[in-house]
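Notes follow once the structure below has been shown.
There are 2 protein chains.
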Amino acid sequence: MAGGAGLAYGAMSTMGLAPALADPAAVRFRSPSSGDLIGDAAGDRSILILGGGPAGLCAAYELGKAGYRVTLLEARQRPGGRVWSVRNGTTETDLNGETQSCTFSEGHYFNLGATRIPQTHITMDYCRELGVELQAFGNQNATTLVNYTGDQPLANTSITYRAAKADTYGYLSELLKKAADRGALDDVLSREDKDALAEFLTDFGDLSSDGRYLGSTRRGYHSEPGAGLDFGGGTTAPYRMSDVIRGGIGRNFTFEFGYDQAMLMFTPVGGMDRIYYAFENAIGAGRIRYGSEVRSLRNTPEGVAVEYVQDGVRKQETADYCICTIPPNLIGRLANNLPGEVLTALRAARPTSSGKLGIEYSRRWWEEDDRIYGGASNTNRDISQIMFPYDHFGSDRGVVVGYYSTGARQRAFESLTHRQRLEKALKEGAEIHGPKYRENVSSSFSGSWARTKYSESAWVSWAGASGHGGEATPEYTKLLDPVGRIYFAGDHLSNAIAWQHGAFTSARKVVTQIHERVAQAA
Amino acid sequence: MAGGAGLAYGAMSTMGLAPALADPAAVRFRSPSSGDLIGDAAGDRSILILGGGPAGLCAAYELGKAGYRVTLLEARQRPGGRVWSVRNGTTETDLNGETQSCTFSEGHYFNLGATRIPQTHITMDYCRELGVELQAFGNQNATTLVNYTGDQPLANTSITYRAAKADTYGYLSELLKKAADRGALDDVLSREDKDALAEFLTDFGDLSSDGRYLGSTRRGYHSEPGAGLDFGGGTTAPYRMSDVIRGGIGRNFTFEFGYDQAMLMFTPVGGMDRIYYAFENAIGAGRIRYGSEVRSLRNTPEGVAVEYVQDGVRKQETADYCICTIPPNLIGRLANNLPGEVLTALRAARPTSSGKLGIEYSRRWWEEDDRIYGGASNTNRDISQIMFPYDHFGSDRGVVVGYYSTGARQRAFESLTHRQRLEKALKEGAEIHGPKYRENVSSSFSGSWARTKYSESAWVSWAGASGHGGEATPEYTKLLDPVGRIYFAGDHLSNAIAWQHGAFTSARKVVTQIHERVAQAA
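The listed protein sequences correspond, in order, to chains A and B.
Per the working numbering, residue 712 is the first one in the first sequence, and the count goes up by one each step.
Per the working numbering, residue 712 is the first one in the second sequence, and the count goes up by one each step.
Structure follows, in structure tokens:
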């Protein structure tokens, strides 16, 4: 057994997991070499994995590489969990009881779940390892629009990001240069600082020689400049300083500064679910049992036992260990022998609302009329944003995401019928992009995660935590430890909640924990 | 003849050119319908086009659609002119007398000329019309580096754009909020303005509750945060305010605010030259004579006459009209009967230096080690920038553009041998990206437009003009008019010098001028 464990250790080492035994902080991803798959190095330990989303599939994949016997139960008939790419043929009955069938044209889709990947995330490495082709995802675009309702100046006005940024940065630069010139910051700025700051601000704000913002080519032209003496009618006029400041037209600029949202961002060609079909292929379809609804989860004296229903038949499966990636908000519904404090901890993972609606248009008006190729328009309406497709550029049709909203703004949609959701999305979208927003609509599909079977939440927020993980609340910390031979994994147990990276790193952490335990027991 | 002209007018109308007769400012591009190609509607007028770059090919294409008899002479053996995608098999002897042959791996290339397209440019429409597949081009990237030499603080320090922006925007916001709080701007900001400004700045700069910039998650973490209690070692520490300001680490931020550089930007899949092979295909290869060096250009009583040499044979061609897209710096060398003031005007178009070097690496260290997927690092060294590939993400090799420099920084390269250029590029690149920059180099190719036959310039700058066109200098204006039956076209006669859009709009303007003349003469 020691030899077997040693051999397994060697295999894990090449996949970057083994250093965890010495230094958990050093567990870093490395692409595997072909020598990774060394068979049953870890002996004949069996692992039962519940859930075929990113965490479950990643765990099955990594354990399989190290020689473990893996069985994965997934309630849906597809891999990916909340990573869900909707295309022609997608059919879903939601918890409102409504069934939608997607009729998008061939090759068109939208990601109802995860849609983008930051460069830093381990998701990029899995795409490399699994051969999933990537393309850039437009997380910002100078030609998309902002339009905010309210009583403030510039309310209900559609303004390009290009113009909003030029005006905001222009006035901000003018104001700071003026203040510095007046000596208002002489206690914190040296003469050299002030000179360098003035030079920077003149460029940053495109200021005139006397330090004023008077508009900028950055805003754009009345028409596109062309040949000869066609100067595009000159640049468009800036908004007034007070209107720009009080209008809040820059309220969304910092989205793109975020560590996990800054360009460049990426997405798989053909849909985010390509990653999970690649996992499925690498794991081996024989190890995955789709349509398997888990009903019970118990530690037993020998290991773990799970009951599930597949094709109307109640079945049981036992294994040495279990990795449960079922959403924390659903685990408590299973028959189980989990301790009370674990069930309490699971209840601290609070469901959130989020959802999207995809609209297929038979004309790419956003490209042809508005020169928008990808990116998103933003608003404080319930639709929150309109996301333009990043594929099929220049073709004759495309799928626009008519809303991607969370929290209260999503709850405004989730109890509506699909038809009502579409009507509300078209109404609000037309307020931003004009009457053409209602034209050439050929089909649509919507989903709200709080009303989606097997999820009932888009992601969770931990009671007492302020953000997407990163805080060791008692309940979060509690669930990092196994309960007997049952381990919990998922993005909810990571510092990247709602990101595939969180699910993957959580799965890898649990795989490492199990492997350590197996090695030490050997 | 009137009927013929009327028919031609109808054909032109469907391609969006005809309104020029009534209102030149209304000449806008529209994608053509299949009804455009109505044969010899314009009669049997013949047009001789000199040069198979963007202007020449666009003119040939549009005139061909309207039924004109078109012949295009191109000195090179390929279409595209200064739009030049270098890949395996590309061979070129430069004006220094050095011959390079490219040995990049199959499917890899770099654009030695034009490499990106703004959404607003007519180039996007031609890609749609010609069926050229587009992908996003990374004109900014949070994970690429800035590193500037000099005596200033933070000199010779490699800093991610992510960190440089976080610190710059943070301190800028702190300073402006402080000045406003102190009342230094009370003459220009109302109480409401100040409240709104403070709210914006707190978000924009990620300021603490007491208005200070103390670092930000936007800068990044010591390591990537993962699962459980792996918080990534916390965020990296900000640089000092004075160092950030005087270090000038934000000197390149405004590049991406530019009207024609703001994201999202695009590029054809497989190389910019895909556009010109698509034009070639649409025009019909029989109308294009490659390897044809023009030697003379003359107005004659009947039309135009051109002498050229093809395969060592001196030939002559006559036509009703000529569109000359030969670079203005080279036209004066032709035997010609152009008026002296035209030759003087052509000399006001001053050649500029620019060039690139492509380095194929057998390992994508920028992705695997540095999480850089596309975009560019910037420096004030002669290399100016290092551009990372936007294709083949996650594969085992790729072509990095080791420099793309202009003016004096390019002149530092253009008289060097290729081997010397590569060595200089690797030395400067390693100062930014470290010793790995010198490793895994498998091949390379460089070009300097001032030393490239048939170009001898990257683009021109007009004597007396401050930017890329947009100013009606006397010489520029002079060349907008035909000389007899000879018309000049090219990006140099547009408000988008150095852009394909400029060449296309110039070609379309001249096509329209000729068609007006033909219609009026009919």
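Ideal Cβ placement from N, Cα and C applies to all residues, glycine included.
- request: Find the nearest neighbour of H1212 (chain A) within the set A:I760, A:D755, A:I758, A:L768, judged by alpha-carbon distance.
  value: The shortest C-alpha separation from H1212 (chain A) is found at A:L768.
query: Which class does K1164 (chain A) belong to by DSSP, given the choice of helix, strand or coil?
result: The answer is coil: DSSP assigns K1164 (chain A) none of H, G, I, E or B.
field: Sequence-distant residues of its chain with Cβ nearer than 6 Å to S934 (chain B) (five each side left out)
entry: For S934 (chain B), where only same-chain residues beyond five positions count, the Cβ hits under 6 Å are G943, G944.
- prompt: If you count every other CB in all the chains shown that lies within 10 Å of the CB of A948 (chain A), and 16 or more means buried, which is it?
  reply: That one is exposed.
query: Between which two residues does the beta strand (DSSP E) harbouring I1037 (chain A) extend?
result: Per DSSP, I1037 (chain A) is not a residue of any beta strand (DSSP E), being assigned neither H nor E.
task: Identify, in the order they occur along the chain, each residue of the same chain with its Cβ nearer than 7 Å to the Cβ of S884 (chain B), setting aside the five sequence neighbours on each side.
output: L912, F915, G916, L918, Y924, listed in sequence order.
- prompt: Relative to the ligand SAH, is the shortest distance from any of its heavy atoms to the C-beta of A875 (chain B) smaller than 7 Å?
  reply: Of ligands this structure carries none, so the ligand SAH is not represented either.
message: Let's see if you can read the secondary structure: which residues bound the beta strand (DSSP E) around E1028 (chain A)?
response: Under the DSSP assignment, E1028 (chain A) falls in the beta strand (DSSP E) whose first and last residues are 1024 to 1030.
field: is_contact[T826 (chain A), chain B] using C-beta, thresh 8 Å
entry: So, not an interface residue.
message: Quick check: is the beta carbon of C1033 (chain B) nearer than 8 Å to any beta carbon in chain A?
response: No, because no Cβ of chain A sits closer than 8 Å to the Cβ of C1033 (chain B).
message: When you compare the CB positions of N799 (chain A) and F821 (chain A), do they come within less than 8 Å of one another, or not?
response: Contact flag unset, no.
- prompt: Any idea what DSSP makes of P1012 (chain A), helix, strand or coil?
  reply: Three-state DSSP puts P1012 (chain A) in coil, outside helix and strand.
field: Rounded separation between F740 (chain B) and C838 (chain B) - CA only
entry: Caution is warranted here: a pLDDT of 37 is assigned to F740 (chain B), below 50, making its placement in the model unreliable, and the coordinate value is therefore given only provisionally. F740 (chain B) and C838 (chain B): Cα-Cα distance of roughly 13 Å.
task: Look at the alpha carbon of E1302 (chain A) and the alpha carbon of V1221 (chain A), and state the distance between them as a whole number of angstroms.
output: The question about residue 1302 (chain A) has no answer, for chain A in this structure spans 712 to 1233.
- request: Pick helix, strand or coil for F964 (chain A), following the three-state DSSP scheme.
  value: If DSSP states are grouped into helix, strand and coil, F964 (chain A) belongs with the helices.
query: Near S1003 (chain B), which residues of its chain fall below 8 Å by C-beta distance, leaving aside the five closest residues on each side in sequence?
result: If you ignore the 5 residues before and after S1003 (chain B), its C-beta comes within less than 8 Å of the C-beta of L784, E785, A786, Y1019, V1020, Q1021, K1026, all in its own chain and listed in chain order.
- prompt: What residues from chain B crowd round T965 (chain A), counting only those whose CB sits closer than 7 Å?
  reply: Simply D914, F915.
query: For the stretch 1007 to 1016 of chain B against the stretch 1141 to 1148 of chain B, are there 3 or more C-beta pairs whose distance is under 8 Å?
result: Not touching, per the Cβ criterion.
field: alpha helix (DSSP H) runs wholly inside the stretch 814 to 901 of chain B, at least 4 long, in chain order
entry: Those alpha helix (DSSP H) runs which fall completely within the stretch 814 to 901 of chain B and span 4+ residues are 833 to 841, 872 to 892.
query: Looking only at DSSP bridge pairs, what is Q811 (chain B) linked to?
result: In DSSP, Q811 (chain B) forms a bridge with B:E803.
- request: Measure the C-alpha to C-alpha separation of G1113 (chain A) and I1097 (chain A) and round it to an integer number of angstroms.
  value: Roughly 5 Å separates the two Cα atoms.
message: I need the boundaries of the alpha helix (DSSP H) containing E1150 (chain B), first residue and last residue.
response: DSSP places E1150 (chain B) outside any alpha helix (DSSP H), giving it a letter other than H or E.
field: Through-space distance from I758 (chain A) to T855 (chain A), alpha-carbon basis
entry: T855 (chain A) and I758 (chain A): Cα-Cα distance of roughly 48 Å.
Against chain B: residues of the stretch 923 to 937 of chain A by CB proximity under 9 Å: Within the stretch 923 to 937 of chain A, the residues whose Cβ lies closer than 9 Å to some Cβ of chain B are S927, T928, R929, R930, G931, Y932, S934, E935, P936, G937, listed in chain order.
- request: Enumerate in chain order the residues of its own chain whose CB-to-CB distance from T1117 (chain A) is below 8 Å, with the five nearest sequence positions on each side excluded.
  value: Within the same chain, Cβ atoms closer than 8 Å to the Cβ of T1117 (chain A) are found at T1063, S1064, S1065, S1095, A1169, the five residues on either side in sequence being excluded.
Contact set for R1162 (chain B): own chain, Cβ-Cβ below 7 Å, skip 5 residues either direction: Cβ neighbours of R1162 (chain B) beyond the five flanking positions: D805, L806, N807, E1125.
query: Which class does T978 (chain A) belong to by DSSP, given the choice of helix, strand or coil?
result: Looking at T978 (chain A) - three-state DSSP - the assignment turns out to be strand.
message: What does DSSP give as the partner residue(s) for E1004 (chain A) in the beta ladder?
response: Beta-bridge pairing links E1004 (chain A) to A:V1020.
message: Any beta carbon from chain A within less than 8 Å of G1066 (chain B)'s own beta carbon?
response: False, the Cβ-Cβ gap to chain A never drops below 8 Å.
- prompt: For the stretch 1072 to 1079 of chain A against the stretch 1148 to 1157 of chain A, are there 3 or more C-beta pairs whose distance is under 8 Å?
  reply: Because the criterion of three Cβ pairs below 8 Å is met, the stretch 1072 to 1079 of chain A and the stretch 1148 to 1157 of chain A touch.
- prompt: Considering only C-alpha positions, which residue in the set B:L774, B:G764, B:G1175 is nearest to Y1032 (chain B)?
  reply: Comparing Cα positions, the closest option is B:L774.
query: Is the shortest distance between the beta-carbon of K1026 (chain B) and the beta-carbons of chain A less than 8 Å?
result: Residue contact check for K1026 (chain B) against chain A: no CB pair falls below 8 Å.
- request: Please work out which residues of its chain come closer than 7 Å, Cβ to Cβ, to S1217 (chain B), disregarding the five sequence neighbours upstream and downstream, and give them in chain order.
  value: Only A766, A1200, G1201, D1202, L1204, S1205 meet the Cβ criterion.
task: Let me know the secondary structure DSSP gives Q952 (chain A) once reduced to three states.
output: At residue 952 (chain A) the sequence reads Met, which differs from the Gln that was named. The DSSP-derived three-state label of M952 (chain A) is helix.
- prompt: Buried or exposed: where does A737 (chain A) fall if 16 or more other Cβ atoms within 10 Å of its Cβ makes it buried?
  reply: Residue placement at A737 (chain A) is flagged as unreliable, the pLDDT there being 34, under the threshold of 50; the coordinate-derived value follows with that caveat. So A737 (chain A) counts as exposed.
message: Against chain B, with Cβ distances strictly below 8 Å, would A1230 (chain A) count as a contact?
response: For A1230 (chain A), not one C-beta of chain B is nearer than 8 Å to its own C-beta.
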